[in-house]
Each structure stands twice: as C-alpha cells, then as structure tokens.
Amino acid sequence: MFDHLLECSLRFHINRKTGEILRAQKRGVMSIVTILSSVLFQIAPTLVDIGIAVGFFTLAFDRLFGIIVFVTMSLYVVSTIVLTEWRTAYRRRANLLENLMEAKAVDSLLNYETVKYYAAERFESEQYAQAVDDYQEADKKSNGTTYILTLVQNVIIQAGLLVGGLLCAYQVTQGEKTVGDFVLYLAYILQLYQPLNNFGSYYKSIQKNLVDMEKMIDLMHEPIEVNDPPDPKPLVVQKGEVEFRNVTFAYDERIPILKNVSFKVPSGRTVAIVGPSGGGKSTILRLLLRFYDIQEGSILIDGVDVRDVKQFDLRSQIGVVPQVDANDEQIAAAAVAAKIHEKILGFPDGYETKVGERGLRLSGGEKQRVAIARTVLKNPQIVLLDEATSALDTSTERHIQKSLQQMTVNRTTLIIAHRLSTIVHADLILVVKAGEIVERGSHDELMQIDNGVYFKLWNKQLKDRLKIKSKIKRLGRTTSVRSRKNSRRYKAPAHDPMSANIEDIPPQPNVGGYVPPPLPVAPSGRYVPPRTRTGSGERNVPQMTTYTRGVTEMNAPPQTYTYNNVVDRSSSRGSVRPQTAYIHNNEVNRPIVRSGNVRPYTMHESTRESGTPPITTSTSNEVNESDLEASGGEAPSRNSQQRRYNPLDLLR
C-alpha cells in the first residue's frame, strides 16, 4: 500500500489531503486483520456448528425439528445480511465524515504556525468542532441501525426457540418424547444460539470492516500516471546537455500551461528562467524530473528521451537526493559551502540535532541552506535551482551564490528565479510569459530590448529597491522633536499651508543627517521668527549654524528649515553673508528683504560636496537678477538653468 502511494503521481498527492489518506490507510490495514480473524476463528466454526445441529435434530428427533432449526437459522442469517446491507450506507457516511474530521485536525496541526500567525485558533477550533458534530450525528444513525438489527435477530432466535420448545413439550405430553429429550433440546438449542447470535455480531463487524476497506481499495486502484517503459534504456549522463523540443503541457486540458516551448541548455552552461508568476517556470523543472508526462514534444538529456529511461535513474542524476553513505567530513564540507556549518555547531547537539517534523525547528533560510548543502553533497552533473536563495538575507545570499557558482562550474545548471540580480551571470536567460518563451538572451542583450518583458521586470525591481531604500533612509533620519517648555510635540507653523492636513510634522533632516533644533514656540503654539535689533548699537544677528555635508560654519545666518518639503527662511536685516538653502521637491519660498543691503541667496543643490562651487538652479528657464548678482554678473550656464533637483540623487 505504501509503495503504491509512493508510485502515484504528483498530481494525485496535490489533489488529496494527507490526513485523509493516512486515515484510510490505517483503517484499511486494521480492517484486513479483523476480517481474517473473524472469518477463521468465529464465522467458520459457527457454520460448522449449525450444520451439525441440523443433522443431529433430523436424525435424533424427527424431520420437523430439523426444519424448525434450519428455518430459524436461515431467517437469522438472511435478516442479518439484509439489514446489514441497509445500514452500510449509514456506516459509509460516518466513515466519510470521520475522514474529513481527521483531515481537518491534521491540516490544522501541520499548519500550526500559519494558524498562529493569523490568530485563527478559534476559527480552526470551530471548524473542527463542526466536523466532530457532523461525524457524531452520522455515527448515532449508524449505531441506531445496529440496534434495529440486534432486535430483529433476537426476535427470530426467541421465536425459533419458542416454536421448537412448544413442539417438544407437546410430544412429551403425548408420550412421544421423554422429559430428558425436552431438556436435551432446550440445552442444545441455547448452546447453538449463542454462537449464532455472535455470528450476527461477526457479520456486522465484517461488513463494517469491508466498508472501512473501500477507501484503501480505491487507493490501491488509483492509476499510476507516470510509468516506467517496459524496456528502459540506461541513462549515463556524461555531457549533461538538456533540450526541450516543442513541449506542450497542461495540468487541465482546458488550460494550457506550456505552449510549444523549445530551448537547449549546452553542457556546462547556466540557463536562467524568469518571468511573471504563473508563467510555467517551475513546471519546466517538474517536467524535466518527469513528475508529469507531457502531451506533445519531447525532453532530452544527452539525446535520450526522459520517457525512455527509469524514473529512478533520471532523478538520481539530477535530483536533490541526500547521500546517506556520506562521511562526516563530506557532510561538514557541504555545510561550509552552504554557510550553515557554524550555525549547526551552535546547536547543543550539533549535527545530531533533531530538526522536527518537516524541519519546523529550522527557519526558512536554514532549510534552504540545508537543501543547498545536500545539493553540494550530491554533486550531480545537472543542477536545478528553484528559488534556491529566496529566504536568505543579502549577505548570506551573496556568499552562497559564490559557492553555487563554484559548484556549477562545468555543470549544466537550470535556475528558476524571481530576483533577477541573482541570475545576471547566466549564459542564457529565458523569459517565460503565459506558457511561452517570449525573450531569450544574456542579461546585457535583454536589457537592450526597450519595453521588453525582462527590461520591465528589471526596472520594476530596481525601482522597488530604491523606494524601500529611500523609505528606510527617511525613517532613520526622522526624529520626534518636542518643545523645550511644555514637552509636547512640535506643531507645524501657522504659515504652513499643509498644517491643516498634517497634525504633527517634525523638521526634515539635512543631507548630512542633521536634524535642526526646534524653532521658538509661543504659548499659543504659533511660530515665532527670530528677531534682530536695529539702532545705533551693534546689530544682533541670531547665532545659528549652517550644515553642509558635515562642514560647519559658525556665526552664519539662520538655518533653513523644511516643513512638508517647502523651504522657508526667516528675514533679517543688515549686511549678511550669502545664505544656503536646501531645495526639496523644487518648492522654495524666496527670502523676504525688507531693508538694508542684503546680498542675494544662493541656492545649492543638497547633493553638492562642500568646498565646490555652488550650482545655481532656477525653477524656470529665466535668469533672476539676484542670480546674476550672486554669480558676479555672469549669467549661469544653460545646464545649470534647466537642471532641476532629483530626489533620487540622495540614494547615490
């Protein structure tokens, strides 16, 4: 039975529930033992007793007593068979619901982590409780039919005993039989009816076990979809050349998965298969391992069709099979290559550590590294990698990629990947979409195809990485700024047009990561700009600090602060040095000049290094007078005029 389940196709195991299969197998094996025991040790002796009893009463008494015993026992057997067949439907439904109950329990326990992740304990408990209630209801009906069967059997036995006893008593009164004959009849009949009554129980048990065996018998008759050929060819992989010729495949005939796919992986080369999810990438590996048979075309390894060789020979050449006879040194070397050796040594029991059922005691990355170590240990001629490093961090992935590249030297390698940065070294990249190869070539060649599928996938992943990197950078710089007086969150100034929509807006950091100190806040919470005294005495310019790429200038004009990506400056009087402004999203509030000889503000792009001449930018193509004055009367170049600030420069 177990061997047959292992021979069944992958399609069978995907569509069936593990708990249901295990329950059917367990119940079927127990039923076989029960049936054999009942037939050999209960039913067969009972039938022999019945035959002897009928012959004895026919010869020792008369033919009428033999007929009474025969009719009684025949009615008993027939009623038992008929009623047992009637109750079989109820028992079959009870078994089906018991299988579903078992499958529900196994499914919940196997996916324990997922249940905990989504806090679905109550939901799973309610689902299991409902399954138990359904099974108990069906079991009650099945037991009710058993009580009816037992009642009918007892009525028949008592009726036969009554009729035979009255006949024997009548003959005693007539002097035809003695009292001893009457006692003999009653004693023999009572002794005979006891195994006959057990016969009903045994038959009910046999019928129940036959129903229990039905599921196992169905599993035994499950057709094997992928069979070895009658005369298999030997498969000895020397070059490791893989070729798909016009392969067409569909799990369901109505929905084709691969359509006329053709490609060739030369010996010792690396080919990557990429594309959107659901395009058929993993299906290609399954077909190469012959988990399914294709509808059209052929798959060749060194010129030999995979359907002409034994499945064991095929998968032993390319499958990830652990080496059960490897020594400790080989295992340790494979673990070092997979970057898991030190992790294993960190376990209390080292390499003897039990990883639990389905490796639940290992993380996702550790499972992948163990699988990679097995591949290294196997050292096959053909290597298949299906998202081999998807659960690893960037640093570990980089080291393992180096190990994999060393392992795949001069070996035919087929890689399935969604992370395109892991397959740029591939000799050939196949782009699969909707079951067809729409593009093929190296990374550089595919990037030359404007608006191609690979080109779009690469740019999308690049943009996603930049967005994540930018978001992490912004989150790392944002700090909660509190008022010095009342220790409450800093409120956006009243002049900020966006303050009505955003409740708390901390100051945005400058390029160097510096978060400026909070501006003065009045008790009313409104912004108070810095003031200067005017008169005959020395002008009092606020002592603020300007930060530009880590270079600090003391006694500089007031620092520029940003709110909602809008730059604003406080006004001051007198002759001051040029003030530096940082532009965010090209929105700048120009300084307010009330009186005095104030030199124009020069706006520097935030990405310029300190000590280099400032790049003058403008929000339009026109040159402002202040820009001319700041540049010594010379108009800025056309490039500096039209150049606008790019926020992505912060990531460079």
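When we follow full-length UniProt numbering, the leftmost residue of the sequence shown carries the number 1, and every step to the right adds one.
Where a beta carbon is used, it is the ideal one built from N, C-alpha and C, also for glycine.
Quantities reported herein were computed from a predicted structural model and do not represent experimental measurements.
Supposed contact pair residue j and residue i - C-beta distance, whole angstroms, cut 8 Å
i: Ile318; j: Ile382; result: 4 Å
i: Val271; j: Leu428; result: 5 Å
i: Leu430; j: Ile437; result: 5 Å
i: Pro195; j: Thr46; result: 4 Å
i: Ile416; j: Glu387; result: 6 Å
i: Ser267; j: Lys239; result: 4 Å
i: Asp212; j: Asn99; result: In fact, because the Cβ distance is near 10 Å, the residues do not count as touching under 8 Å.
i: Ser421; j: Asn209; result: Not confirmed; about 60 Å, so no contact.
Exposure of residue i, with buried meaning 16 or more beta-carbon neighbours within 10 Å
i: Thr283; result: buried
i: Phe2; result: exposed
i: Phe61; result: buried
i: Ile67; result: exposed
i: Arg11; result: exposed
i: Met216; result: buried
i: Ala187; result: exposed
i: Ala494; result: A caution first: Ala494 carries a pLDDT of 43, below 50, which makes its placement in the model unreliable, though a value can still be read off. The residue is exposed, with fewer than 16 neighbouring Cβ atoms inside 10 Å.
i: Leu162; result: exposed
i: Ser125; result: exposed
i: Gln171; result: buried
i: Arg122; result: exposed
i: Leu59; result: exposed
i: Gly275; result: buried
i: Met101; result: buried
i: Val39; result: exposed
i: Ala44; result: exposed
i: Leu404; result: buried
i: Tyr117; result: exposed
i: Arg224; result: Going by the sequence as given, residue 224 is Ile instead of Arg. The residue is exposed, with fewer than 16 neighbouring Cβ atoms inside 10 Å.
i: Val265; result: buried
i: Arg87; result: buried
i: Ile273; result: buried
i: Gln153; result: buried
i: Leu6; result: exposed
i: Met554; result: In this prediction, Met554 has a pLDDT of 41, which is less than 50 and means its spatial position is unreliable; what the coordinates show is noted afterwards. Exposed: under 16 other Cβ atoms inside 10 Å.
i: Val370; result: buried
i: Ile52; result: exposed
i: Gly164; result: buried
i: Pro380; result: buried
Bridge partner(s) assigned by DSSP for residue i
i: Ser298; result: Arg245
i: Arg440; result: Leu430
i: Val271; result: Leu414 and Leu428
i: residue 731; result: This structure cannot settle anything about residue 731, because the visible part of the chain is limited to 1 through 652.
i: Asp252; result: Ile255
i: Asp305; result: Leu300
Limits of the alpha helix (DSSP H) - the one that residue i falls within
i: Asn143; result: Glu121 to Thr173
i: Asn227; result: Here Asn227 belongs to no alpha helix (DSSP H), and DSSP marks it neither H nor E.
i: Leu420; result: Neither: Leu420 is in no alpha helix (DSSP H) and is coded neither H nor E.
i: Glu342; result: His341 to Leu345
i: Tyr118; result: Element bounds for Tyr118: n/a, residue is neither H nor E.
i: Arg91; result: Arg63 to Leu110
i: Glu7; result: Phe2 to Glu7
i: Ser282; result: Lys281 to Leu288
i: His13; result: Leu10 to Asn15
i: Phe291; result: Where Phe291 is concerned, there is no enclosing alpha helix (DSSP H), given that its DSSP letter is neither H nor E.
i: Gly435; result: Element bounds for Gly435: n/a, residue is neither H nor E.
i: Thr58; result: Ala44 to Ala60
i: residue 721; result: Limits of the chain in this structure are 1 at one end and 652 at the other, which puts residue 721 out of reach.
Proximal residues to residue i (C-beta, below 8 Å), its chain only, five neighbours per side dropped
i: Leu314; result: Leu235, Leu289, Arg290, Ile301 and Val306
i: Ile81; result: Tyr203
i: residue 669; result: Since the first residue shown for the chain is 1 and the last is 652, residue 669 is missing from the structure and cannot be characterised.
i: Arg92; result: Val211 and Glu214
i: Gln311; result: Val226, Asp228 and Arg290
i: Phe70; result: Val54
i: Lys177; result: Phe61, Cys168 and Gln171
i: Thr408; result: Thr270 and Val383
Close-in-space but distant-in-sequence residues of the same chain around residue i (CB under 6 Å, 5 per side omitted)
i: Leu97; result: Asp134, Tyr135 and Ala138
i: Gly280; result: Ile257, Leu258, Val432 and Gly435
i: Tyr185; result: Cys168
i: Ile50; result: Met73
i: Ala334; result: Ala373, Val376 and Leu377
i: Ala131; result: Leu100, Met101 and Lys104
Residue span of the beta strand (DSSP E) that contains residue i, given as start and end
i: Gly260; result: According to the sequence displayed, residue 260 carries Asn and not Gly. Leu258 to Val265 is the span of the beta strand (DSSP E), which, as asked, contains Asn260.
Interface flag, residue i vs chain D, CB-CB below 8 Å
i: Thr412; result: Among the chains of the structure shown, chain D does not appear; only one protein chain is present.
Contacting residues, own chain, Cβ-Cβ under 7 Å from residue i (five flanking each side not counted)
i: Tyr304; result: Note that residue 304 is Val in the sequence shown here, rather than Tyr. Closer than 7 Å at Cβ, skipping near neighbours: Lys233 and Leu235.
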